[in-house]
Amino acid sequence: MACIEARGLRKAFDKTIALDGVNLRIKEGRIVGLIGPNGAGKTTALNAILGLTSFQGELRVLGRDPWSERDRLMRDVCFIADVAVLPRWIKVSQALDYVAGVHPRFDRAKAEGFLAKTDIGSASKVRELSKGMVTQLHLALVMAIDAKLLVLDEPTLGLDILYRKQFYDSLLNDYFDRSRTIVVTTHQVEDVQHVLTDLMFINRGRIVLDCSMEEFESRYLEVTVHPERVAAARALKPIYERQVFGRSILLFDLKLERVDRQQLAALGDLRTPSITDLFVALLGDKPGNKAGEAQGVVK
Amino acid sequence: MNTQSNAVPESPLDPQAIAPAAMSATRPMYWSLRREFWENRSIYIAPLAAAAVYLFGFLISLFWVPRSMRGMAAHGPMPPVIVLAMPYSHAAMLLTLTAFLVGIFYSLDALHGERRDRSILFWKSLPVSDLTTVLSKASIPLVVLPLLAFAITVTLQLIMLLLNTAVLLMSHASTATLWAPPLFEMELVLLYALIVLALWHAPIYCWFLLVSGWARRATFLWAVLPPLAIAVFEKIAFRTSYLESMLHDRLFGFTAAAFDLKDKNGVPIDAHFIPLTQLAARRFLSSPGLWLGLIVAAACLVAAVRLRRYQRPI
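Set out below in structure tokens:
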């Protein structure tokens, strides 16, 4: 059974269409990054998955309809929606008491173990903690819940690089166990590149890229082209070109252009592009680049 | 035998197996109420503070007690039982009023605060239904505050009685014949009055709760001004005052509905001491005003539950 399955998911606010027929299928045991520009529909999609917003179309999360069964679903799903949503008046000990009280799958000892590694005292109130500590606390609460699906919406926004690194490290080392599924949205794409197993780009309410990271690595290739071979390289129809220190860097979609590695290796130095580079290539602001349709990357 | 000895040590060690079953429906309710106490400490601090202030005033007033007892012996204008009951009933009235005010302001903030500080996203990430959340919030003014007011009043009155007795004994007053008000009867009447008040005012609390879940800001104005505006409009446009009298009745009508305000000789009773014989429970329970109010209250709660599903941080 797929963990999340959506078909023709639509959501319109007054005048804007936030989700325009999203189809996706997220299997169990994956770490999926949902990446997109501001206003692309990321948060709306997550809210629909979490039962926080109504929607049209078909959506099953762990076999349930999230909108009508939110409280039941929340026994198996955890989320950190946005930073700093822990109530400011709550004490750390109260937060532990409360979650232990209402959540059947919460392991209090585990949460206390996570907190013991931080500087957070159990008597402090959330309002007294720094932003990074609040995130640590929230993560400790969430990781101590034996959930099947964890949804993170910009979990590290506004945190410094040390906290961000620590956040994803503990997620991978202490939480993820291949039977759980994690969906994360973030603008700090470079943080998650080596964390994800799957990558999705969303733009203007549509999924414009949906591939595993293995596929990503074998499919996209960036070539730093020798100056004298630029014309030859351009003839192979790269999907994007940029200039760095006077050198042309061309991004190729091997699946699309039917070029192969050896051909490209002759043109210059090869490397796997960063997610950021691909993001700019597919969704960047250039004429004719409409939601990746020109590249035909939609599955 | 073998299966038994296996089963006993295993089950407590396996929280995964028993936890979902043990997580009864009342646990989220219980913890939601705990949450309200953590978040809104005024629920118990305000009545306690009112009681403390009253007790302090009463302590000072005790210096006058021996004198007033003598005055009473010399046949004051009021029946002695009223004079005796007065400080005790004033204490009860003060705490009832405090509970009412706390309930009003609590209800106005209950579903607004969690949206204002964005914590609604945290609460909704846990397996607690909107129904449980709204019911837990509604039960604060409808159940918790009346019970709290009752418990604090009874405690306060007992302390007052002890102090009063001590002062009388020390002053060697010879009025030992009649020094205590009929406190037990007063407590029963107080409990009745608090239940009556909670039921009668339920639509007010629930309406305020609904507004707090709906309005983006200025919950007090949204809760109070529209009914007032309609009443004024009615008065100007039709020169009638149905709504005005309805609102007035909703605030104060419980006295006429739930108590016999005149004794069997037609003499008006004194509000400082209402004997048990003057309670009109049957009439109260059969008054349309009560049931209409409860229907409105239930409708507001249903709307508040529906609304919370859609609500996002503001």
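Those protein sequences? They're chains P and L, same order as listed. The first sequence maps to residues 350 to 648 in my numbering. The second sequence maps to residues 3 to 316 in my numbering. For each residue, glycine too, the CB sits at the ideal point set by N, CA and C.
Residues of the stretch 509-533 of chain P whose Cβ lies closer than 7 Å to any Cβ of chain L: none. In the DSSP annotation of this structure, the continuous segment of the alpha helix (DSSP H) that includes ASN396 of chain P starts and ends at 391-398.
For ARG607 of chain P, the three-state secondary structure derived from DSSP is coil. LYS126 of chain L has a beta carbon lying within less than 9 Å of a beta carbon in chain P. For CYS427 of chain P, the chain L residues whose C-beta falls within less than 7 Å of its own C-beta are SER127, listed in chain order.
The Cβ atoms of LYS391 of chain P and LYS440 of chain P lie no closer than 9 Å to each other. For the C-beta of ASP119 of chain L, the chain P residues within less than 8 Å are, from N- to C-terminus, PRO436, ARG437. Taking the CA atoms as reference points, HIS203 of chain L sits about 51 Å from ARG374 of chain P. The beta carbon of THR257 of chain L sits closer than 8 Å to those of LEU263, all from its chain and outside the five residues before and after it, given in chain order. Of all residues in the stretch 197-215 of chain L, none is placed with a Cβ closer than 8 Å to any Cβ belonging to chain P. Burial state of VAL371 of chain P is buried, judged by a 10 Å Cβ sphere holding 16 or more other Cβ atoms. In the three-state DSSP reduction, ASN552 of chain P falls in the strand class (E or B). Using a Cβ-Cβ cut-off of 9 Å, LYS459 of chain P does not count as an interface residue toward chain L, since no Cβ of chain L sits closer than that to its own. Taking a contact as a CB-CB distance under 8 Å, the pair TYR517 of chain P and VAL541 of chain P counts as one, their CB atoms being some 7 Å apart. Residue range 244-254 is occupied by the alpha helix (DSSP H) that includes ASP251 of chain L.
Contacts with chain L at 9 Å (Cβ-Cβ) do not include VAL538 of chain P. If you look at ILE375 of chain P, you'll find it in the beta strand (DSSP E) that goes 366-375.
Sequence-distant Cβ neighbours of ALA489 of chain P in its own chain, meaning closer than 6 Å and more than five residues away, are ALA460, PHE463, LEU464.
Leaving aside the five residues that flank ARG610 of chain P on each side, the residues in its chain whose CB is nearer than 8 Å to its CB run, in chain order, LEU570, LEU603, LEU619. Taking ALA614 of chain P as reference, the option from P:ARG409, P:PHE455, P:VAL572, P:ARG607 with the minimal CA-CA separation is P:VAL572. The beta-carbon of MET423 of chain P is placed less than 9 Å from the nearest beta-carbon of chain L.
Contact check for TRP40 of chain L against VAL451 of chain P fails: the beta carbons are separated by 9 Å or more.
A distance below 6 Å between beta-carbons, with the five flanking residues on each side excluded, links ARG578 of chain P to the following residues of its chain, in chain order: LEU616.
In the DSSP assignment, VAL85 of chain L falls within the alpha helix (DSSP H) that extends over 82-118. Within chain P, no residue has its CB atom less than 7 Å from the CB of TRP293 of chain L, the nearest being about 31 Å off. Judged by their CB atoms, ALA195 of chain L and THR279 of chain L are not nearer to each other than the 9 Å cut-off. Rounded to whole angstroms, LEU358 of chain P and GLY388 of chain P show a C-alpha spacing of 16 Å.
Within 10 angstroms of the beta-carbon of VAL146 of chain L lie 16 or more other beta-carbons, which makes it buried. The straight-line gap separating the alpha-carbon atoms of ARG527 of chain P and LEU50 of chain L is approximately 53 Å.
Of the other Cβ atoms in all chains shown, fewer than 16 fall within 10 Å of the Cβ of LYS266 of chain L; this residue is therefore exposed. It is roughly 30 Å from the alpha-carbon of LEU411 of chain P to the alpha-carbon of LEU113 of chain L. Rounded to whole angstroms, the separation of the alpha carbons of LEU558 of chain P and VAL426 of chain P is 25 Å.
Nearest Cα to LEU103 of chain L within the set L:ILE45, L:ILE197, L:LEU165, L:ARG36: L:ILE45. The alpha-carbon of LEU133 of chain L is positioned some 32 Å away from that of LEU478 of chain P.
Of the candidates L:SER121, L:LYS126, L:VAL198, L:VAL198 places its Cα closest to the Cα of GLY291 of chain L. A check of alpha carbon separations from TRP209 of chain L across L:ALA153, L:SER247, L:VAL136, L:ILE271 identifies L:VAL136 as the nearest.
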